[in-house]
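Taking UniProt numbering, the leading residue of the sequence shown gets 1, the next gets one more, and so forth.
Every residue gets a Cβ at the ideal spot worked out from N, C-alpha and C, and that includes glycine.
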Amino acid sequence: MLKIALGQMEVIPGRPDLNTDKMLIMIQDACNQHADMIIFPEMAIPGYLLGDTWEQSSFLQDCEDFGRQIIDASQNICVIFGNVAVQWDKHGDDGRVRKHNTCFVAQHGQLVATRIKTLHPNYREFDDTRHFFSLRKLALECKQDIETLLIPAKVTIRNKEYSLGCIICEDGWNDDYDVDPIAALQANGPLDLIINISSSPFTLGKNNKRNRVFSKQARETGVPLIYVNTVGLQNNGKTVYTFDGFSTVYNRMGEIIASCQPFTETLDYLDLAINAIGRDLPSINIPNDFTIDSLYQAVNYGIRKFLQSIGMTKVVIGLSGGIDSAVNASLFARILNPENILLVNMPSKFNSKTTKDLAAQLAKNLGCLYTVMPIEESVEYTASQISGTPVTNLADGRQFNFLVSSFVLENIQARDRSARLLAGIAAAFGGGFTCNANKTELSVGYSTLYGDQSGFLAALADLWKHQVYQLANYLNTHVYEREVIPQAIIDLVPSAELSFEQSVDQGKGDPIIYPYHDYLFRSFMEYWNRATPEDILGWYSQGPAVLEQKLGCQAGLVKRLFPSPREFIEDLERWWRLYTGMAIAKRIQAPPVLAVSRRVYGFDHREAQNSVYFTQKYLKIKHTLLVGDQ
Numbered sequence: 001m002l003k004i005a006l007g008q009m010e011v012i013p014g015r016p017d018l019n020t021d022k023m024l025i026m027i028q029d030a031c032n033q034h035a036d037m038i039i040f041p042e043m044a045i046p047g048y049l050l051g052d053t054w055e056q057s058s059f060l061q062d063c064e065d066f067g068r069q070i071i072d073a074s075q076n077i078c079v080i081f082g083n084v085a086v087q088w089d090k091h092g093d094d095g096r097v098r099k100h101n102t103c104f105v106a107q108h109g110q111l112v113a114t115r116i117k118t119l120h121p122n123y124r125e126f127d128d129t130r131h132f133f134s135l136r137k138l139a140l141e142c143k144q145d146i147e148t149l150l151i152p153a154k155v156t157i158r159n160k161e162y163s164l165g166c167i168i169c170e171d172g173w174n175d176d177y178d179v180d181p182i183a184a185l186q187a188n189g190p191l192d193l194i195i196n197i198s199s200s201p202f203t204l205g206k207n208n209k210r211n212r213v214f215s216k217q218a219r220e221t222g223v224p225l226i227y228v229n230t231v232g233l234q235n236n237g238k239t240v241y242t243f244d245g246f247s248t249v250y251n252r253m254g255e256i257i258a259s260c261q262p263f264t265e266t267l268d269y270l271d272l273a274i275n276a277i278g279r280d281l282p283s284i285n286i287p288n289d290f291t292i293d294s295l296y297q298a299v300n301y302g303i304r305k306f307l308q309s310i311g312m313t314k315v316v317i318g319l320s321g322g323i324d325s326a327v328n329a330s331l332f333a334r335i336l337n338p339e340n341i342l343l344v345n346m347p348s349k350f351n352s353k354t355t356k357d358l359a360a361q362l363a364k365n366l367g368c369l370y371t372v373m374p375i376e377e378s379v380e381y382t383a384s385q386i387s388g389t390p391v392t393n394l395a396d397g398r399q400f401n402f403l404v405s406s407f408v409l410e411n412i413q414a415r416d417r418s419a420r421l422l423a424g425i426a427a428a429f430g431g432g433f434t435c436n437a438n439k440t441e442l443s444v445g446y447s448t449l450y451g452d453q454s455g456f457l458a459a460l461a462d463l464w465k466h467q468v469y470q471l472a473n474y475l476n477t478h479v480y481e482r483e484v485i486p487q488a489i490i491d492l493v494p495s496a497e498l499s500f501e502q503s504v505d506q507g508k509g510d511p512i513i514y515p516y517h518d519y520l521f522r523s524f525m526e527y528w529n530r531a532t533p534e535d536i537l538g539w540y541s542q543g544p545a546v547l548e549q550k551l552g553c554q555a556g557l558v559k560r561l562f563p564s565p566r567e568f569i570e571d572l573e574r575w576w577r578l579y580t581g582m583a584i585a586k587r588i589q590a591p592p593v594l595a596v597s598r599r600v601y602g603f604d605h606r607e608a609q610n611s612v613y614f615t616q617k618y619l620k621i622k623h624t625l626l627v628g629d630q
């Protein structure tokens with residue numbers, strides 16, 4: 001029987017001192033509980049998403065020194081932990097000192113083994129190949145097979161030797177690689193235990209897939225598998241990621257026999273009978289994490305940790321009476337004291353009494369500070385200054401005046417609210433102001449640069465509009481357990497209310513048809529093989545039902561919205577031009593986005609400002625459809 005401690009710790013990126021102190025406390029606790037082994041996550045000492053901090057030699061030296069402290073603390077327990085390993089006499093492909101993402105095994109105050117990460121993810125937010133030298137590269141350099149370098153780590157506990165297959169995060173997700181680290185370990189002798197230390201960010205639904213993949217590995221190898229992940233918040237400078245932990249233990253049959261509470265730092269203990277290889281413990285059910293409950297948990301945790309990490313205790317939120325600002329306000333009000341949240345309604349002549357009353361009602365329901373600051377006077381002054389001030393052509397002395405169109409006036413209002421009022425109020429209040437944009441708006445730039453796309457954090461910008469509505473209902477029914485967000489806000493037609501053409505009292509709203517465009521934009525952005533107009537039009541040409549099935553939107557919706565191919569194509573091209581055009585410039589300058597999905601704007605979605613392009617096949621399908629429509 002092995003008593004194993006799962007050190008699901010919050011790793012603070014770039015603070016090896018704090019992380020080491022926490023690990024030492026956990027090690028002492030595990031020793032007091034007579035544990036035989038304690039397992040910490042990948043990169044437990046330095047953190048994982050550190051950007052080019054990895055290029056600082058002094059930081060690397062500190063990580064080594066703190067790693068030695070953990071090794072020294074292994075006198076009475078086997079300690080498995082992640083850290084950076086440095087080969088000071090070698091260099092990587094970039095000419096800098098060679099670094100390895102490494103699993104360390106220590107016992108009796110000595111380093112027993114190190115295992116270098118074999119597979120380096122180079123997709124989504126991951127950038128491992130930029131900084132680290134993988135075992136695959138090392139094998140090529142040494143002209144050796146992976147199997148000769150991937151050998152089990154041997155430890156002796158109470159006079160019995162155990163063979164541990166130590167892998168790191170991506171090494172367990174090997175389906176698309178030409179190397180299988182677990183198979184390589186097994187080729188070097190029977191294993192008693194597979195240990196996967198990870199630093200894996202939360203993604204909605206990812207644990208469902210992880211449990212399928214890791215269960216299969218345990219079942220096919222006949223070896224129990226322990227997965228230990230970190231909790232906390234890390235970022236890559238543009239996108240903010242939560243880490244949910246959810247450390248899990250699988251028996252030899254692939255059944256889950258233990259797991260740690262998600263989004264919670266914890267030191268859990270497990271008594272594992274190696275002879276029974278976990279079959280003596282009852283299997284447990286793990287909840288589906290592709291739910292609104294998981295989504296709320298991740299967003300709430302992310303906001304809370306982000307505020308803590310930047311030391312912000314006061315927040316200003318522009319409250320329009322619409323759904324996005326209502327959900328944002330309700331989220332922050334669960335984290336900060338209501339006296340530290342200032343909700344600001346900033347009406348112009350285009351704002352209806354309906355939305356102004358709803359904003360006030362929401363503020364009252366939440367119990368936050370509230371104020372109304374009209375912008376009509378300042379907007380009119382800005383517009384008159386622009387239109388009334390002549391511009392001189394110094395080459396010939398001619399003068400002209402700008403015409404402030406209705407579109408320009410909409411942008412003036414949005415910037416006046418954010419860049420002038422909210423920024424000034426936040427400074428006076430001693431806090432920051434939020435960005436209320438959602439993912440649908442961000443996709444096509446339906447927001448104003450330096451206006452409503454400003455703020456210190458875009459907490460909802462990885463949520464499609466339909467998810468914002470789901471979250472609103474969840475906040476009422478499960479979080480507050482009362483109608484905090486007025487039902488009228490949920491039922492209201494979405495509108496920016498920046499002109500009389502967007503009057504909610506007349507049922508007019510945004511040009512985005514969210515029940516359809518949410519799913520169209522998602523296909524552009526989130527699909528692993530991202531859809532283009534060629535794909536969309538190809539599916540449409542097979543019949544609207546095929547397109548609806550591919551996108552996942554409501555059946556029958558496409559035909560109702562677009563009676564003819566011409567209307568469908570015009571809509572498709574309009575949004576594709578925006579998505580691949582001006583919206584990119586806006587997204588590049590957007591605030592940090594809190595990530596929850598399989599692909600998020602920011603560093604996870606690396607974009608170049610190229611010109612809009614339609615493929616040759618798209619143009620052929622378009623021609624065929626339009627000719628047939630005549």
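Residue i versus residue j - alpha carbon distance
i	j	result
Pro338	Thr203	30 Å
Asn76	Phe66	18 Å
Ile168	Asp604	21 Å
Asp175	Gln217	11 Å
Gly556	Arg304	41 Å
Asp94	Lys143	21 Å
Leu6	Tyr450	46 Å
Asn83	Phe132	12 Å
Ser320	Lys137	54 Å
Asn529	Arg599	12 Å
Val493	Ile513	11 Å
Val228	Leu625	53 Å
Nearest neighbour of residue i, chosen from the options [CA to CA]
i	options	result
Val249	Thr102, Val11, Lys160, Ala273	Ala273
Asp452	Ile341, Ala139, Asn438, His623	Asn438
Phe402	Ile412, Ala414, Ile386	Ile386
Thr448	Leu460, Ala419, Asp192, Gly424	Ala419
Thr615	Leu594, Gly538, Phe568	Gly538
Asn345	Ser330, Ile116, Gly322	Gly322
Leu270	Leu625, Pro592, His34, Val596	His34
Arg541	Lys620, Arg482, Gly581	With the sequence shown as reference, residue 541 is identified as Ser, and Arg is not the correct amino acid for it. Measuring from the Cα of Ser541, the nearest candidate turns out to be Lys620.
Met373	His120, Lys356, Asp396, Thr382	Lys356
Ser579	Pro563, Leu233, Tyr601, Arg566	Here residue 579 is Tyr; the residue named in the question, Ser, does not match the sequence. Nearest C-alpha to Tyr579: Tyr601.
Tyr613	Gly302, Gln399, Ser200, Pro533	Pro533
Ser200	Val231, Cys103, Ala187, Pro181	Val231
Tyr480	Gly172, Ala333, Gly318	Ala333
With 16 other Cβ atoms within 10 Å as the buried cut-off, status of residue i
i	result
Tyr296	buried
Met1	exposed
Arg210	buried
Leu422	buried
His108	exposed
Arg522	buried
Glu125	buried
Phe500	exposed
Gln61	exposed
Pro592	buried
Ile413	The sequence shown places Gln at residue 413, rather than the Ile named in the question. Flag for Gln413 reads buried.
Three-state secondary structure assigned by DSSP to residue i
i	result
Asn188	coil
Ala583	helix
Thr389	coil
residue 631	The question about residue 631 has no answer, for the chain in this structure spans 1 to 630.
His34	coil
Phe246	coil
Gln56	coil
Gly432	strand
Leu331	helix
Asn365	helix
Ser259	strand
residue 635	As displayed, the chain neither begins before 1 nor continues past 630, which places residue 635 out of reach and without an answer.
Glu10	strand
Lys3	strand
Tyr177	coil
Next item on the list: Write down every uninterrupted run of the beta strand (DSSP E) in the stretch 70 to 108 whose length is 3 residues or greater and which is fully enclosed by it, in chain order.
Entry: 78 to 91, 97 to 107
Check: Taking the runs of the beta strand (DSSP E) that are 3 residues or longer, which of them lie wholly in the stretch 368 to 419?
Finding: 369 to 372
Item checked: Those runs of the beta strand (DSSP E) which lie wholly inside the stretch 110 to 165 and span at least 3 residues -> 110 to 116, 153 to 157
Next item on the list: Report the residue ranges of all alpha helix (DSSP H) runs contained in full by the stretch 287 to 342; include only those spanning at least 4 residues, in chain order.
Entry: 292 to 310, 323 to 332
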